[in-house]
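Worksheet: one structure, shown below.
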Ligand SMILES: *Cc1c(COP(=O)(O)O)cnc(C)c1O
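Numbering (my numbering), first residue to last: 8 to 424.
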């Protein structure tokens, strides 16, 4: 047996909130104008009170609304799979397990937070959501979720992706969203995530019927993603494992990594590892300080590792990992030494992704390839030491809409940044 499935009534019914469990408390977000700590009223033009409360909640567990569970059950609980064929190819005594988040409607973990975000907005009378998307994964997830709750959704898509990667735009439009290229006021600019966030925040700030939604970074987003790690805990027990020795995830804004890792953080015997691209090395080479979440400086200042809010990363294929900052919770764990961080150039991550496709059969998203690179290196280190290491990683998404990236890799056109 190599797949460990839970039935739909075994879905977690509460999210795990890391905030009260952090050894060093988080520094508060600051108002972009006054530089004073923000209160709920500062955030209410952009977010519903239900999410603002979660952003600051001292409760360790927060119940998942029934309406949200009903939609999550379309694909959750997701499978936990033991990657035995990869283990055999590597000749490692390590046991490798992956949590398969690629089975969601949009093909990644991002729907886990898109659904509750749409729910809380609709519950408070909001009619329309504005958001940004890089390569399109967050935009597709929020488009799906908005449709479930009859919300209009406007997506500001980084222009370079808008022009080069039409398929996610078509998926967003199929789910009823309006998609425009960003930056809207500079038609010759290729765009960046930071600029697209500025566009979406401006849109939401200017209309009473509209809120903003962010697909990563914020505390409530990581909270919603903890269903991943909570399910994985139960599934590892089914597999006869007491605990993982190491939990690995790729890290863009840190939400999927937080989702799988935070439920294990209290157990000091479990190592937690963040994997990022060498070309956007926020955790490994950035500085820990207050910085804006966007380029224009419209968002609150967050205490996080950052490369600077005007940093524009090179256009690697893992679009979801091209963000100048990082989640305050993940930054806190790295700063305190609870979590490790490593960076890889993209060539090595595609090599790992192709090895995974050839052994396990599944074609990972380029972001996920970063986690797989670290998993393979971890398994090879275990082989070197003759250790039966238990490795758990987050298979954050599939790569079916990233085939041009594989085409570049297979034909030697990949820039090895
Ligand atoms: C967006 C995305 C990521 C990175 O975002 P996080 O918030 O760091 O999880 C990773 N993998 C996939 C497939 C994504 O779509």
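Glycine included, every Cβ here is placed at the ideal spot set by N, Cα and C. Just so we're clear, the structure is a prediction, and the values are computed from it rather than from any experiment.
Tell me whether residue 223, by its Cβ, gets closer than 7 Å to a heavy atom of ligand 1. For the purposes of this step, residue 223 is taken as residue 216 along the chain shown, with counting starting at 1. Yes, Cβ of residue 223 sits closer than 7 Å to a heavy atom of ligand 1.
Does the beta-carbon of residue 115, which I'm using as the reference point, lie nearer than 7 Å to any heavy atom of ligand 1? In the chain shown, the residue the question calls residue 115 occupies position 108. Residue 115 Cβ: within cutoff of ligand 1.
May I have the straight-line CA-CA distance separating residue 403 from residue 343, to the nearest angstrom? For the purposes of this step, residue 403 is taken as residue 396 along the chain shown, with counting starting at 1. For the purposes of this step, residue 343 is taken as residue 336 along the chain shown, with counting starting at 1. Residue 403 and residue 343: Cα-Cα distance of roughly 25 Å.
Return the chain-ordered list of same chain residues with a C-beta closer than 6 Å to the C-beta of residue 228, the five sequence neighbours on each side being excluded. Looking up residue 228 in the chain shown gives position 221. Scanning its chain for C-beta atoms nearer than 6 Å, with the 5 sequence neighbours on each side dropped, one finds around residue 228 the residues 120, 262, in chain order.
I'd like to know whether the C-beta atoms of residue 67 and residue 18 end up nearer to each other than 8 Å. Here residue 67 is taken as the residue at index 60 of the chain shown, counted from 1. Here residue 18 is taken as the residue at index 11 of the chain shown, counted from 1. For residue 67 and residue 18, no; Cβs fall outside 8 Å.
At a cut-off of 7 Å, would you count residue 411 as near ligand 1, judging by its Cβ distance to the nearest heavy atom? Position 404 of the chain shown, counted from the start, is the residue given in the question as residue 411. Checking the Cβ of residue 411 against ligand 1 gives no.
Can you name the start and end residues of the beta strand (DSSP E) that residue 401 belongs to? Here residue 401 corresponds to residue number 394 of the chain shown, with the count starting at 1. Element bounds for residue 401: 397-402.
Near ligand 2: residue 261 beta-carbon under 7 Å from a heavy atom: Ligand 2 is not part of this structure, which contains only ligand 1.
Please find out if some non-hydrogen atom of ligand 1 comes closer than 7 Å to the beta-carbon of residue 328. If you number the chain shown from 1, residue 328 lands on position 321. At least one heavy atom of ligand 1 is nearer than 7 Å to the Cβ of residue 328, so yes.
Proximity of residue 241 and residue 399 at Cβ, strictly below 8 Å: Counting from one through the chain shown, the residue named residue 241 turns up at place 234. Counting from one through the chain shown, the residue named residue 399 turns up at place 392. No, Cβ-Cβ distance for residue 241 and residue 399 is not below 8 Å.
So, are the CB atoms of residue 359 and residue 380 less than 8 Å apart? On the chain shown, position 352 is the one that residue 359 refers to. On the chain shown, position 373 is the one that residue 380 refers to. Taking the C-beta atoms as reference points, residue 380 is found nearer than 8 Å to residue 359.
For residue 412, which option in 375, 60, 328, 357 has the closest C-alpha, if you only look at C-alpha atoms? Indexing the chain shown from 1 puts residue 412 at position 405. Checked all of 375, 60, 328, 357; the closest Cα to residue 412 is 357.
Taking 8 Å as the threshold (C-beta atoms), are residue 158 and residue 176 in contact? As a position in the chain shown, residue 176 is number 169, starting the count at 1. As a position in the chain shown, residue 158 is number 151, starting the count at 1. No.
For residue 200 versus residue 329, is the C-beta distance shorter than 8 Å? Within the chain shown, numbered from 1, the residue matching residue 200 stands at position 193. Within the chain shown, numbered from 1, the residue matching residue 329 stands at position 322. Closer than 8 Å, so yes.
State the start and end residues of the unbroken beta strand (DSSP E) segment that holds residue 189. Looking up residue 189 in the chain shown gives position 182. Looking at the DSSP string, the run of the beta strand (DSSP E) that includes residue 189 is 185-189.
Sorted by chain position, which residues of the same chain lie with C-beta nearer than 6 Å to residue 140's C-beta, five sequence neighbours on each side aside? Counting from one through the chain shown, the residue named residue 140 turns up at place 133. So the qualifying residues of the chain are 146, 162, 164.
Starting from residue 318 and walking both ways along the beta strand (DSSP E), at which residues does that stretch end? Taking the first residue of the chain shown as position 1, residue 318 is located at position 311. Annotation for residue 318: no beta strand (DSSP E) segment contains it, and DSSP assigns it neither H nor E.
Taking just the CA atoms, how far does residue 38 sit from residue 49? Within the chain shown, residue 49 is the residue found at index 42, counting from 1. Within the chain shown, residue 38 is the residue found at index 31, counting from 1. Going from the Cα of residue 49 to the Cα of residue 38 covers about 8 Å.
In this structure, what does DSSP give as the bridge partners for residue 346? As a first step, residue 346 is located in the chain shown; it is residue number 339 there, counting from the start. DSSP, once it has assigned bridges, lists 279 as partnering residue 346.
I believe residue 425 touches residue 219 by the beta-carbon criterion, under 8 Å. Please report the beta-carbon distance rounded to the nearest angstrom. Outside the displayed range of the chain (8 to 424) lies residue 425, so it cannot be described from this structure.
Assign residue 73 to buried or exposed, taking buried as 16 or more other Cβ atoms, counted over all protein chains shown, within 10 Å of its Cβ. If you number the chain shown from 1, residue 73 lands on position 66. With fewer than 16 other Cβ atoms within 10 Å, it is exposed.
For residue 385 and residue 393, the rounded distance between their alpha carbons: The residue given as residue 393 occupies position 386 in the chain shown. The residue given as residue 385 occupies position 378 in the chain shown. CA-CA distance, residue 393 to residue 385, rounds to 12 Å.
For the candidate residues 105, 251, 202, 52, whose alpha-carbon lies nearest to that of residue 395? Your numbering for residue 395 matches position 388 in the chain shown. Answer by Cα proximity: 251.
Nearest-angstrom Cα separation, counted from residue 41 out to residue 306: Taking the first residue of the chain shown as 1, we reach residue 306 at position 299. Taking the first residue of the chain shown as 1, we reach residue 41 at position 34. The alpha-carbon atoms of residue 306 and residue 41 are separated by roughly 12 Å.
Residues that residue 172 bridges to, as DSSP identifies them: Along the chain shown, one-based indexing puts residue 172 at 165. Under DSSP, no beta-bridge partner is assigned to residue 172.
Quick check on DSSP: helix, strand or coil for residue 18? One-based indexing of the chain shown puts residue 18 at position 11. Correct three-state label for residue 18: coil.
For residue 125, report the span of its alpha helix (DSSP H) as first-last. Residue numbering aside, residue 125 sits at position 118 when the chain shown is read from its first letter. Note, residue 125: alpha helix (DSSP H), 118-130.
Assign residue 367 to one of two classes, buried (16 or more other C-beta atoms within 10 Å of its C-beta) or exposed (fewer than that). Sequence index remark: in the chain shown, residue 367 carries index 360 (1-based). Counting the other Cβ atoms within 10 Å of the Cβ of residue 367 gives 16 or more, which makes it buried.
Under the three-state reduction of DSSP, which class applies to residue 146: helix, strand or coil? Against the chain shown, residue 146 aligns to sequence position 139. Residue state, collapsed to three classes: helix.
Taking all protein chains shown into account, decide if residue 24 is buried (16 or more other Cβ within 10 angstroms of its Cβ) or exposed. By 1-based counting over the chain shown, the position of residue 24 is 17. The residue is buried, with at least 16 neighbouring Cβ atoms inside 10 Å.
So the alpha helix (DSSP H) residue 34 belongs to, where does it begin and stop? On the chain shown, position 27 is the one that residue 34 refers to. Where residue 34 is concerned, there is no enclosing alpha helix (DSSP H), given that its DSSP letter is neither H nor E.
Evaluate contact between the segment 105-119 and the segment 189-197, counting only Cβ atoms and requiring at least three cross-stretch pairs below 8 Å. These segments do not touch.
Per-residue DSSP class, three states only, for residue 296: Translated into the one-based positions of the chain shown, residue 296 becomes position 289. In this structure, residue 296 counts as strand in the three-state DSSP scheme.
Is DSSP giving residue 112 helix, strand or coil here? Sequence index remark: in the chain shown, residue 112 carries index 105 (1-based). Note: residue 112 maps to coil in three-state DSSP.
Alpha-carbon spacing of residue 124 relative to residue 98, whole angstroms: As a position in the chain shown, residue 124 is number 117, starting the count at 1. As a position in the chain shown, residue 98 is number 91, starting the count at 1. Pairing residue 124 with residue 98, the inter-Cα distance amounts to about 43 Å.
Which residue marks the beginning of the beta strand (DSSP E) containing residue 413, and which one marks its end? As a working mapping, residue 413 is identified with position 406 in the chain shown. Counting along the chain, residue 413 falls outside any beta strand (DSSP E), though it belongs to the alpha helix (DSSP H) covering 410-417.
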